[in-house]
Structures are given as C-alpha cells and as structure tokens.
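Structure first, commentary second.
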Amino acid sequence: MDDKMTLSQLYVSGKEGLAAAGFTRPLPPDAALGASLPVNRAYLDSLFFAPRFLSSTVANTSGTILGIPVSVPVFCGPMSGWSQLGDKALQEIARGLKAAGSVLALGIGGSDEMQKAIDTGVPVAKIVKPYRNTDLIFKKIEDAERRGCFAVGMDIDHFHGRLVGDAVDLEMTFGPQSLETMRTAIAATRLPFIVKGVLSVDDARMAVELGAKAIVVSNHGRAAIDCTLPSVVALPDVVAAVGQEAEVYVDTGFRTGNDIIKALALGARAVGFANSVLLAWGAGREEGVRRLVELLGTEMRRTMAALGCPDCAALRAVQLRQVVL
Ligand SMILES: Cc1cc2nc3c(=O)[nH]c(=O)nc-3n(C[C@H](O)[C@H](O)[C@H](O)COP(=O)(O)O)c2cc1C
Numbered sequence: 003m004d005d006k007m008t009l010s011q012l013y014v015s016g017k018e019g020l021a022a023a024g025f026t027r028p029l030p031p032d033a034a035l036g037a038s039l040p041v042n043r044a045y046l047d048s049l050f051f052a053p054r055f056l057s058s059t060v061a062n063t064s065g066t067i068l069g070i071p072v073s074v075p076v077f078c079g080p081m082s083g084w085s086q087l088g089d090k091a092l093q094e095i096a097r098g099l100k101a102a103g104s105v106l107a108l109g110i111g112g113s114d115e116m117q118k119a120i121d122t123g124v125p126v127a128k129i130v131k132p133y134r135n136t137d138l139i140f141k142k143i144e145d146a147e148r149r150g151c152f153a154v155g156m157d158i159d160h161f162h163g164r165l166v167g168d169a170v171d172l173e174m175t176f177g178p179q180s181l182e183t184m185r186t187a188i189a190a191t192r193l194p195f196i197v198k199g200v201l202s203v204d205d206a207r208m209a210v211e212l213g214a215k216a217i218v219v220s221n222h223g224r225a226a227i228d229c230t231l232p233s234v235v236a237l238p239d240v241v242a243a244v245g246q247e248a249e250v251y252v253d254t255g256f257r258t259g260n261d262i263i264k265a266l267a268l269g270a271r272a273v274g275f276a277n278s279v280l281l282a283w284g285a286g287r288e289e290g291v292r293r294l295v296e297l298l299g300t301e302m303r304r305t306m307a308a309l310g311c312p313d314c315a316a317l318r319a320v321q322l323r324q325v326v327l
C-alpha cells in the first residue's frame, strides 16, 4: 500500500480491493437507495464552522470510549459476514485498529471469530442481535463477558431483518424485544451495555432508564427501517435527552475527519465507521485500516487547530452554521 495515499484515494482503492476479494454487498454510494443515507450526507455537508485562526492551538484528538483510551474518537462499527472476505480479514482489521489505538465492535458472528479478534489485543465490544430466541441473547452476552469484551450491546433497530438493495432478509431471525427482556439483559452483565439504533428522544430516555451506559444514534447504514430520521439530524436531541447519564456515539455516513468534528460539535463523544473500515481493508488490509484512523486524526487536528480547540471536549462549544442554498 502506498503510504502517501489520501483518504479519497484510500476509499477508491478500497472499493477495487473489496471487489477483487469477492465482496458483493452494495457499498455507498451504491447502497444509498433510501432517503436517510443521502440526507445524512447532505445535512453534514450543509454544516460549516467559522475558524478562529488567531486563537489557533496544537490539538490532541485522544479520548475514551467507555473508559478505553482511543487515539481518535472513532470506533469500527459492528459488522458481520467476515467469511466472505476470507478467514483473515477480521483479524487484519482488528490488528489495524489496535495499531491505530482504536476499538472494534462486532456484529453477527460466532465465538471463534470473537476470540480471534480479542486475541489481537484490540478492545472488543460485542453488539448482540435482537434474536427472537431470547436465550441466544443471554448466551451471547455471557460469552462476550467471559471472553473479555469491554462492553456488550444490542442493535435494537434490526428487529425486522435488514434491507439489502430493496429486499428484506433475516426477517424471521430477529424480533422486537420487550422492555422486560431488555432490562434483564442489561442487568445480566457487569459490562457496560450499548444500545445501538436510537433515533428518538423516547428511545434515548428509555435506554438510559433501562441501564444503558452508551447509545449509538444510527440508521444502521440503511439496513434497518428506511425513512427514519437521519442520525446526524437526530443526534442533538438525543444528546440533550441523555445528558451525562450515558455516552452518545453516532454513525451512518461519516467518512472524514471534519465529519467527526461536526459530530462532536453536535454532542457526540465518538463516531462509528463501518463501510469506511471495510474500504480501508480493501485498500491495504491491516495497514489500510491503521492508515484510515491516522488520516482521520490528522485531518481533525488541522481543523481543531484552526478552531482553537485543544482537545475533543472543546469541540462541544463549536457553533455550526447550516447553509441551505
Ligand atoms: C457489511 C456490514 C455488516 C454489518 N453488520 C452489522 C451487524 O451485524 N450489527 C450491527 O449493529 N450493525 C451492522 N452493520 C451496520 C454498521 O455497524 C453501521 O451502523 C452502518 O454501516 C453505518 O455506518 P457507516 O456509514 O460508517 O457504514 C453492518 C454494516 C456493514 C457494512
């Protein structure tokens, strides 16, 4: 891999690399058939900040995610279907994240896969599916705890399967969970619990009341319900509703360091990157993933310096201006 590769070159090269590795799932922008994804992008692009060049400062992007130190406030969003990319892809991604000082969330997948990721030394959070078979939920939470994950969670938005292209699959595997199941699942583990797929103040308040320690504001790419409020639009209200009671992260459509700055200015603590991590793997395997995080951090530090923000906490005070033409 060319170590001078820029972020956009990395994404283009990653697409070719993924295709060459046999990856057939649609990737953005091809996957962006519904409204939430393009509106997320358009909304992010409509936000601007005023620089404070005369107050410029050296910036540090480090932070924590549920107490785990990270070099840049990003994490690899939960993904699945690793076997499609051969038996080394997940470990290569895990090693790249570890080298970058980042963390990995895992989606659908078995214990062996989880163990291989944990063995690389990268901190792992397991996001369990909302299985109709609730016993499986409890088994997977227990397994994640026993193997040394730093957090567990559930993508509550995936209860009616996923939308791939315009087809719904996995419809009968997952199901909506009762509040009682959620409360019991959260109480059943000593690990912090992450509720992923929150887009409303109601769900945010309920998740905190049930005991969640973190929330991911997410459209799940567009695999969950299409036409849900774009995550970046929903973010500020969720942040306000949750206050200091849980950490709030956001994902769906974030691609650059400046996208992360906007998310932090809107109140997020960290941003999930999923498709971009796949592309980074396609561009350069382990090194591509490490480079992605490095490029995001470099871009962030440049902008933070121009905003007079020495650290991520200072970004909370940055006022974004929306320009609608
Ligand atoms: C190949 C693939 C598999 C995914 N599998 C899961 C999963 O098992 N569980 C989950 O919560 N999210 C899953 N997601 C959704 C991502 O975690 C994330 O919410 C979504 O892709 C939006 O972020 P992005 O725009 O950075 O890709 C998956 C995404 C991709 C691309």
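Be aware that the sequence shown starts at 3, since it is given in my numbering, and climbs by one per residue. C-beta: ideal position from N, C-alpha, C; glycine also.
Proximity to residue i [Cα-Cα], best of the options
| i | options | result |
| --- | --- | --- |
| S81 | V235, G103, A119, M3 | According to the sequence shown, residue 81 is Met rather than Ser. Cα-wise, what sits closest to M81 is A119. |
| A189 | G177, G155, L92 | G155 |
| L56 | V14, C311, E211 | C311 |
| A209 | F275, V240, G19, R303 | V240 |
| S220 | G213, L212, P238, E211 | P238 |
| V320 | L268, W84, L281 | L268 |
| S202 | M184, V244, T183, G223 | V244 |
| V197 | I158, H222, A127 | I158 |
| R192 | V130, A37, A44, K215 | K215 |
| D228 | S38, L138, Y45 | S38 |
| N62 | A308, V325, G286 | A308 |
| I129 | A270, A146, G123 | A146 |
| D121 | G259, F256, C151 | C151 |
| L327 | Y45, Y13, D114, G16 | Y45 |
| K100 | G123, I143, I139 | G123 |
| E301 | F50, I263, P40 | I263 |
| R149 | L87, L12, M116 | M116 |
| L212 | R303, T230, S180 | S180 |
| E222 | H160, L281, P194 | A small fix is needed here, since residue 222 is His in this sequence, not Glu. The candidate whose alpha carbon is nearest that of H222 is H160. |
Residue i, DSSP secondary structure in three states
| i | result |
| --- | --- |
| F256 | coil |
| P1 | The first residue shown for the chain is 3 and the last is 327, placing residue 1 beyond what the model contains. |
| V197 | strand |
| D228 | coil |
| E249 | strand |
| Q321 | coil |
| G65 | strand |
| P40 | helix |
| D313 | strand |
Cα-Cα separation, residue i to residue j
| i | j | result |
| --- | --- | --- |
| P53 | D261 | 16 Å |
| A248 | D205 | 13 Å |
| T26 | L92 | 17 Å |
| R134 | A236 | 28 Å |
| R97 | L108 | 14 Å |
| V69 | Q246 | It should be pointed out that residue 69 corresponds to Gly in this sequence rather than to Val. So the two alpha carbons sit approximately 14 Å from each other. |
| F176 | S73 | 35 Å |
| A265 | T186 | 32 Å |
| G79 | T59 | 31 Å |
| M306 | G19 | 32 Å |
| V252 | A276 | 12 Å |
| D47 | R318 | 19 Å |
| R292 | A102 | 5 Å |
| V295 | F77 | 9 Å |
| I217 | H162 | 20 Å |
| A315 | A270 | 10 Å |
| G274 | G255 | 9 Å |
| M174 | D313 | 45 Å |
| S15 | G286 | 9 Å |
| S278 | Q86 | 17 Å |
| D89 | S64 | 31 Å |
Beta-ladder partner(s) of residue i, from DSSP
| i | result |
| --- | --- |
| A153 | A127 |
| F275 | C78 |
| A23 | According to DSSP, which records beta bridges pairwise, A23 is partnered with nothing at all. |
| I217 | V197, V250 |
| V105 | F77 |
| L46 | Paired residue(s): none; L46 is not in a bridge. |
| Y133 | F176 |
| P71 | T66 |
| F140 | DSSP output for F140 lists no bridge partner at all. |
| F55 | DSSP, once it has assigned bridges, lists no residue as partnering F55. |
Distance cut-off 8 Å: residue i Cβ against heavy atoms of ligand 3
| i | result |
| --- | --- |
| L268 | With respect to small molecules bound, the structure shown includes ligand 1 and not ligand 3. |
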